[in-house]
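Everything on this sheet refers to the single structure shown next.
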Amino acid sequence: MPTLSDRIRAARRLTGLSQSQFSLSLRVERSAVAHWERAQGTTPTTGNLMAIVNLTGVCFEWLAVGRGRMRPSQFPDDLEFKATRVAQDDAEEHLLCAFRRLRPAARNSLMGLLGEISAQSRSSDRRMRQRG
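Take 393 as the starting number for the sequence shown in the numbering used here and just add one per residue.
This is the structure we're talking about:
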């Protein structure tokens, strides 16, 4: 049976990301990912396990304890139901459902774009505060 470190590595490889890219997406240090993937390494927090699940689309139970399927069998339907429970409005629900249907590489591209937009927005906000 694969160990937690093996399952984390397999989940990361599903995304096609390096440890550095994966760590950026998860907002953790690259060394944290390296430790998680090491046989005698550290164990990620439950929050980080959930972040891995959200990034890679693997099942939480499979990742955390090795039981069940690696990927959900009815991926879009199951996730659409969950999105309707957490989305705050129709636009957010639509975005969340669309995001969850993306392949990992497309998700990463979108996350990079959102990071750039967010940084530009924060920069613009700072300039507005300085003027005002």
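All C-beta atoms, glycine included, are put in the ideal place defined by N, C-alpha and C.
Predicted, not measured: the structure shown is a model, and the values here were computed from it.
- Taking all protein chains in view, the Cβ of ALA403 is crowded by 16 or more other Cβ atoms within 10 Å, so the residue is classified as buried.
- Secondary structure within the segment 403-443: the alpha helix (DSSP H) runs of 4 or more consecutive residues, fully enclosed, are 411-418 and 422-429 (chain order).
- Residues ALA424, HIS427 and TRP428 of the same chain have their beta carbon placed closer than 8 Å to that of THR434, with the five preceding and five following residues left out of the count.
- Straight-line spacing of the CA atoms in ASN500 and ASN446 works out to 12 Å.
- When secondary structure is reduced to three states using DSSP, THR395 falls in the coil class, being assigned neither helix nor strand.
- Within its own chain, the residues whose Cβ lies closer than 8 Å to the Cβ of GLU421, once the five positions on either side in sequence are excluded, are SER415, listed in chain order.
- When rounded, the separation of the alpha-carbon atoms in MET442 and THR407 is 15 Å.
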